[in-house]
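Below: one structure, written as structure tokens.
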Amino acid sequence: MRVGALEARRWAGLVFAAGPDDGIGLRLVFTTPDGRRRELEDWYWMVSRVGPHAPDGCYARMEFDLAAEPSPRSRPREGSLILEWSRREAAVALRAVAQAPGRVEWVGDDPWGWKARWEEASDGWRAALGGVEMAAAFAPPVARRAAAVVAWEPEGAPSGSAAALDRAQRLLPELDCWIDDARADWERRRPRSSGAAEGLVEAVTDHLMWTVLLQPETGRLYAPAGRRWIFPKPGDGAPQGGVPGNGGREGAPTPDDWTIFGWDSFFNALALATASGYLAWSALLAGLESRYPNGNVPNWRSRRGGTPDRSQPPVGSFAALKLHLVCPDADALAAAWPGLRAWSEWWVADKGGRPRREGLTPGLFAWGSDTARVPGEERVPEWEAGASGHQRAAWESGQDDLPLWDDVEWDPQREVLAMSAVDLCSYRALDLECLSRIARILGHSADAERLEAERRRLIETMNRVLWSEDAGLYLDELPGDRHSPRVAASNFLPLIAGVPSEGRARRMVGVLHDPARFRGEWMLPTISRGDPAFDDQQYWRGSIWPPMNYLVLQGLRRYGFDELASELAWKGALMFLADRRRTGFCRENFDARSGRGRGHRFQSWGPLFALGAIEEFVDACPWRGVRIGSRLPAFVAREAGGDASGESAGNAAWARVEGLCVAGQPRTVEL
52 MRVGALEARR WAGLVFAAGP DDGIGLRLVF TTPDGRRREL EDWYWMVSRV GPHAPDGCYA
112 RMEFDLAAEP SPRSRPREGS LILEWSRREA AVALRAVAQA PGRVEWVGDD PWGWKARWEE
172 ASDGWRAALG GVEMAAAFAP PVARRAAAVV AWEPEGAPSG SAAALDRAQR LLPELDCWID
232 DARADWERRR PRSSGAAEGL VEAVTDHLMW TVLLQPETGR LYAPAGRRWI FPKPGDGAPQ
292 GGVPGNGGRE GAPTPDDWTI FGWDSFFNAL ALATASGYLA WSALLAGLES RYPNGNVPNW
352 RSRRGGTPDR SQPPVGSFAA LKLHLVCPDA DALAAAWPGL RAWSEWWVAD KGGRPRREGL
412 TPGLFAWGSD TARVPGEERV PEWEAGASGH QRAAWESGQD DLPLWDDVEW DPQREVLAMS
472 AVDLCSYRAL DLECLSRIAR ILGHSADAER LEAERRRLIE TMNRVLWSED AGLYLDELPG
532 DRHSPRVAAS NFLPLIAGVP SEGRARRMVG VLHDPARFRG EWMLPTISRG DPAFDDQQYW
592 RGSIWPPMNY LVLQGLRRYG FDELASELAW KGALMFLADR RRTGFCRENF DARSGRGRGH
652 RFQSWGPLFA LGAIEEFVDA CPWRGVRIGS RLPAFVAREA GGDASGESAG NAAWARVEGL
712 CVAGQPRTVE L
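Next up, the structure:
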């Protein structure tokens, strides 16, 4: 039985899934004294604190501000409604307590339109899920409090709804002790961080665990871009939540059953590894299984829609290789291999006599979109209807409105941007290297040699065509054998792919060090601080994004620029933690001038900022193996209350993480 807040709109509720398309729901509704109901999407805007969530469901907690209006303008502060649940054996206890006038109640429902229904009786509720009998028993009504136990017969036990209901009723008097003990036990043994790193590990595990959702038709768990990133069913208009705060009422678009974003899934897998290797691999495999028959892992895909015309940055093999080092699982790696290989081949498959995404120079790459595969307008969300090839190619890059694409023409014959893109070439080189290493792990030596040879040819071409001695960087190739004059954080991606020589890497880091361009109190901006678009701070036009920070950080570590890597890791983490403490959110991106969070308030890859700093304590990477510990930079101690030398009273000058598993072993590291 899968149990959890596994449907996007049910942060305040649970799904009980006995198998594919077979389950039932229970969710919380709060009614104010003047009759207004708070339910479904409303709760998203009222979250005041994303609390702990154990991977096995033994304890979970979420706090909501009942005074907050359910709209994008809300700024929840107080935890005036606390929802907790705990699973043990074949039963779950739920408790919701409000600190404001109103009525709290449980409502039974059918997530995704499942067929099972609760049958209400005076002594509780019953439901049949295939061959599983379920029952719910409710505590006597108390003002501002709702409590229940849901039980089902364990596998192999005699079935019968009366037996399940009897168990639920017998467990009900234990509910408060059960939940309180579960909370204390999880707080005692959960992964955590302390000292200057206080809250670092918890910020990753809590947010990611509350992001995990269910694909109802398969029963697979996955990690979306966020709970408000479930796109509408084709032909249903605006994205889910496009009518803010209406709680799923009349007029709201109907969300599809799930939505998976390409590169988000792979970053989410790496972050989930801090909580659960099983969930990390599940998220990664779900991302790969979103691919189309031709091998394309799409920009996004839902149960009924998607982007067969375009993909997203190919970081899946990097995530799989790193995940295998952190949470070794030969079976999962072998399961990932066919999808990773098919995706790699998709980028270079023949299209009109050329590789699909060939750039200006043969052997290099450009973002694009296969026009013939673009779905009809009735099959895409309204904001994609009529999108140009140029826009679709920009979406494929993952950096949707990056200024580097502004002045690049769309080539309608080849259906790519008329350029050779440093970022895609770097992703491709990284993909080939990681695939080669995976192939060797799995015993596919011929594949490994072929992939490595292809990587060497690509790196040689990048060094010959894209390197600018004057700029000290790899720059996009434009028509007429020109280099683009514009520079982005993604111009540092050749570092993670191992492209530059040591000398060229030092030149690149010199640009990164320049405070007039990239270095600063808040970093890493997506474009140079001197770019005319920097002050836009709109999406990828200057803002700081978790995935780019994380990828550049990996490149700095690969080349041994540990001091700058540590600075980038900790500045990102402290910025992320400060915003989380101030707002309770897990932001999509950050303003590079103020360090303030922007975009969606609960984005699944937001914790990458914290993950980068966690890896300062303990890391497993493809190039340096398992690495334990680094120094704590002086500015981190100052931020936590120390003096200029990094010395201070209390916890400011030290930090510790404990309870993480790397390479199958628990690690506790102090800096």
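Quick note on our numbering: the sequence shown kicks off at 52 and runs consecutively. All C-beta atoms in this analysis are idealised placements derived from N, C-alpha and C, irrespective of residue type, glycine included.
Inter-residue spacing [alpha-carbon to alpha-carbon] between residue i and residue j
i: residue 372; j: residue 558; result: 29 Å
i: residue 236; j: residue 429; result: 51 Å
i: residue 149; j: residue 87; result: 15 Å
i: residue 508; j: residue 541; result: 21 Å
i: residue 312; j: residue 656; result: 11 Å
i: residue 195; j: residue 78; result: 16 Å
i: residue 76; j: residue 405; result: 51 Å
i: residue 259; j: residue 131; result: 23 Å
i: residue 413; j: residue 604; result: 30 Å
i: residue 171; j: residue 185; result: 12 Å
i: residue 350; j: residue 54; result: 29 Å
i: residue 290; j: residue 327; result: With a pLDDT of 46 at residue 290, under the threshold of 50, the modelled position of this residue cannot be trusted, and the question is left open.
i: residue 103; j: residue 422; result: 45 Å
i: residue 490; j: residue 367; result: 14 Å
i: residue 250; j: residue 215; result: 40 Å
Cβ distance (whole Å) where residue i is taken to contact residue j below 8 Å
i: residue 362; j: residue 310; result: Actually they do not touch by this definition, with Cβ atoms about 16 Å apart.
i: residue 624; j: residue 671; result: Contact doesn't hold; Cβ gap of about 19 Å is too wide.
i: residue 549; j: residue 609; result: 6 Å
i: residue 444; j: residue 527; result: Between residue 527 and residue 444 the Cβ distance is about 13 Å, and since that is not below 8 Å, they are no contact.
i: residue 244; j: residue 708; result: 5 Å
i: residue 129; j: residue 111; result: Not quite, the Cβ-Cβ distance comes to about 20 Å (not below 8 Å), so this is no contact.
i: residue 398; j: residue 392; result: Rounded, the Cβ-Cβ distance is 12 Å, inconsistent with contact.
i: residue 551; j: residue 617; result: No, residue 551 and residue 617 are not in contact; Cβ-Cβ is about 21 Å, not under 8 Å.
i: residue 475; j: residue 417; result: 7 Å
i: residue 765; j: residue 155; result: Beyond the ends of the chain as shown, which are 52 and 722, falls residue 765; an answer cannot be given.
i: residue 592; j: residue 452; result: 6 Å
Local conformation of residue i per DSSP, three classes
i: residue 534; result: strand
i: residue 553; result: helix
i: residue 92; result: helix
i: residue 697; result: Because the pLDDT of residue 697 is 38, which lies under 50, any placement of that residue in the model is unreliable, and the question is left without a value.
i: residue 251; result: helix
i: residue 266; result: strand
i: residue 545; result: helix
i: residue 256; result: helix
i: residue 734; result: Look at the range of the chain in this structure, 52 to 722, and you will see that residue 734 is not part of it.
i: residue 636; result: coil
i: residue 626; result: helix
i: residue 138; result: strand
i: residue 581; result: coil
i: residue 73; result: strand
i: residue 413; result: coil
i: residue 312; result: strand
i: residue 57; result: coil
i: residue 658; result: coil
i: residue 328; result: helix
i: residue 709; result: strand
i: residue 299; result: Residue confidence for residue 299 is low, a pLDDT of 40 falling below 50, so the modelled location carries little weight; the figure read from the coordinates is stated next. In this structure, residue 299 counts as coil in the three-state DSSP scheme.
i: residue 103; result: strand
i: residue 668; result: coil
i: residue 512; result: helix
Residue burial classification, residue i (beta-carbon count within 10 angstroms, cutoff 16)
i: residue 94; result: buried
i: residue 394; result: buried
i: residue 40; result: Given that the chain is displayed from residue 52 to residue 722, the structure contains no residue 40 and the question cannot be resolved.
i: residue 674; result: exposed
i: residue 193; result: exposed
i: residue 487; result: buried
i: residue 494; result: exposed
i: residue 639; result: buried
i: residue 496; result: exposed
i: residue 622; result: buried
i: residue 680; result: exposed
i: residue 365; result: buried
i: residue 177; result: buried
i: residue 645; result: exposed
i: residue 122; result: exposed
Beta carbon proximity, residue i to chain B, threshold 8 Å
i: residue 399; result: The structure shown contains no chain B; it is built from a single protein chain.
Would you mind listing the alpha helix (DSSP H) stretches within the region 340–395 that are 4+ residues and don't spill past its ends, in chain order? Every alpha helix (DSSP H) of 4 residues or more that sits fully in the region 340–395 is shown, in chain order, as 367–377.
List, from N- to C-terminal side, the beta strand (DSSP E) runs of 3 residues or more that fit wholly inside the region 423–507. The qualifying runs do not exist here; there are none.
Ignoring anything shorter than 3 residues, give me the beta strand (DSSP E) runs that lie fully in the region 195–246, in order along the chain. With a minimum length of 3 residues, the unbroken runs of beta strand (DSSP E) contained wholly in the region 195–246 fall at 196–203 and 243–246.
Which full runs of the alpha helix (DSSP H) of 4+ residues lie inside the region 591–621, going along the chain? With a minimum length of 4 residues, the continuous alpha helix (DSSP H) runs that stay inside the region 591–621 are 597–609.
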